[in-house]
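Notes to accompany the following structure.
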Amino acid sequence: MDFPAHAGLLRVRGNSTLFFVLQPCEDGSSLCPPKDDELTLWLQGGPGGPSQFGLFVENGPYHVSESLQLVPNPYSWSKRFSMLWIDQPVGTGYSSVAPGDEYCSNDTCAAKDLYNALDQISTLFPGYSKLRITGESYGGKWVPATAAYVLEQQALARAANAAAPLNGMTLAGISVGDGWTDPVHMVPEYVPLLKSLSILDENGLAQFGALMDQVMNNITAGDTAAAFLPWDAAINGDLSKLPPLLKRLSGLNDYFNFDRTEQPASYNYWTQYVVQPAVRAAFGVGNTTLHSGLQVEMALVADFMRSQAKSLIAVLESGVPALVYVGQLDIIVGPRLVNAYLNQLPWSGLQRYQQAERAIWRTPDEPAEVAGWSRAAEPLTHVVVRNVGHIAPHDNPARMFNLITNWADGKPIN
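In the UniProt record's numbering, the protein residues as written are 1 to 414.
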């Protein structure tokens, strides 16, 4: 390994473990805080997607080339924060479920395990006073659930006049990219989204819409496990025996970015890199299996269509800054889906948010280009990032670095 990261396994429940990589804010970066006291946690989606994907494909100090070489990432988020990537829930990536322990079947289980891991991190690496929890995709559930649990534990400690949890770290913000947060208000937007993009014709929209009707009917009936299956058959394709309907009708095999037909090969280079003996040794994982995440997803099928809107509301009502961004080219969690749930999210600032003026966002790297559009009602900031998809930090690293750093510094996104 060519960068000064810390890595290893944390025992969180029984003998089950969570794998982490912690990269201190990079030496020599003028953007690092003087005390290097800000820790930013990144959570991948899936569910069952290892956060090592984020580390090596999106926002870490190095990307992995086709020849399995590390290539410096000039827009690594570790140039502004100390970064922490955790493969979670247990059974994801290098994180393991021990014999006799169980996979998480809901977001609360995952949040408690993450809190346990964060508690250990705060002891192993003291000195961090601010914690930001960030993530993408199914991280739209992990992030608010974990943040709400942190706030709950802090409140319990205050009520008991006990020592502040997490070694005194306070929650400084949350960020969710293309997040699957509130399915009941998101699923109905698929058909209008696909129609507006002309990806399906009337017959295709009718077939897709029939599956979405099944999703909504099952959610309404309280059968969230059954609700997952038609959604998976329509767009996801993880458990279905056939390719998803969207692929069969459109020919598109990248629901992360409708401007591409296939997903980039670079998404997978990291999986070959991290299983090399030298990397395993550096990571301290020995012969631990690099798990595919399918069992994690199977265990969460019944929870997939349940909302984490209440957790997001709890974070907003506590005054913690929240950034919700979405890539303009995303299909699976496209802008219409995110707009739909934010525009009716029942928090005290909803009216202010609905009435807020939309701002045009530009960056110093691309002064002549529109980077996206933002709308803010403190503590909520919503950004549509132009010309990127679901995996936004991969599609435009510079733009996303500008967004995350300006937001963290309290600067307006315009």
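All C-beta atoms in this analysis are idealised placements derived from N, C-alpha and C, irrespective of residue type, glycine included.
In the three-state DSSP reduction, Trp180 falls in the coil class, being neither helix nor strand. Rounded to the nearest angstrom, the gap between the Cα atoms of Gly14 and Gly91 is 13 Å. DSSP places Leu229 in the helix class (H, G or I) of the three-state scheme.
For Pro397, the uninterrupted alpha helix (DSSP H) run begins and ends at 397-408, by DSSP. Looking at the DSSP output, Met83 shares a beta bridge with Gln23, Thr40.
Distance from the CA atom of Asp27 to the CA atom of Tyr75, rounded to whole angstroms, is 14 Å. For the pair Ala309 and Asp201, the CB atoms are not nearer than the 9 Å cut-off. In this structure, the alpha-carbon of Trp180 lies about 17 Å from that of Ser105. Bounds of any alpha helix (DSSP H) do not take in Pro72; it lies within the beta strand (DSSP E) bounded by 70-72. In this structure, Pro244 and Ala234 form a Cβ contact; the two beta carbons are roughly 6 Å apart against a cut-off of 8 Å. Cβ contact annotation for His63 (same chain, cutoff 7 Å, sequence separation greater than five): Phe56, Val57, Val71, Asn73, in chain order. Look at Leu316 here: in three-state DSSP terms it is helix.
One Cα belongs to Gly327, the other to Asp178, and the distance between them is close to 7 Å.
Taken in chain order, the complete alpha helix (DSSP H) segments of 4 residues or longer contained in the region 164-210 are 183-186, 190-196. Closest in alpha carbon position to Ala359, among Leu31, Ala376, Leu171, Leu10, is Ala376. Excluding its 5 nearest sequence neighbours in each direction, Glu297 has C-beta neighbours in its own chain below 7 Å: Gly46, Pro47, Gly48, Asp238, listed in chain order.
One Cα belongs to Ala172, the other to Ile121, and the distance between them is close to 17 Å. Around the CB of Pro89, 16 or more other CB atoms lie within 10 Å, so the residue is classed as buried. Straight-line measurement puts the Cα of Ala302 at about 8 Å from the Cα of Ala227.
Taking the C-beta atoms as reference points, Asp36 is found nearer than 9 Å to Gly127. In this structure, Arg399 places its C-beta atom within 9 Å of the C-beta atom of Glu366.
The C-beta distance from Ala111 to Thr146 rounds to 4 Å, short enough to meet the 8 Å contact threshold. Annotation for Arg280: Gly286 place their beta carbon closer than 7 Å to its own, counting only its chain and skipping 5 residues before and after. Under the three-state reduction of DSSP, Thr123 is assigned to helix. Closest in alpha carbon position to Val324, among Gln52, Asp107, Thr134, is Thr134.
Taking Glu317 as reference, the option from Ser348, Val275, Leu22 with the minimal CA-CA separation is Ser348. In terms of CA proximity to Asn167, Leu39 leads the group Leu300, Asp330, Gly410, Leu39. In the three-state reduction of the DSSP assignment, Gly327 falls in the strand class, which pools E and B. A distance below 9 Å separates the beta carbons of Asn257 and Leu329. For Leu246, the enclosing alpha helix (DSSP H) begins and ends at 245-250. As DSSP reads the structure, Lys130 sits in a beta bridge with Glu38, Thr170. Burial is judged here by how many other beta carbons sit within 10 angstroms of a residue's own beta carbon; Val338 has at least 16 and is buried.
Remark: C-beta atoms of Ser374 and Thr363 do not approach each other more closely than 9 Å.
A residue is called buried once 16 or more other Cβ atoms fall within 10 Å of its Cβ, and Val370, having fewer, is exposed. If you compare the alpha carbons of Ala221, Val191, Ala225, Leu300 with that of Gly209, the shortest gap goes to Val191.
Cβ-Cβ separation between Phe401 and Trp77: approximately 7 Å, consistent with a contact (criterion under 8 Å).
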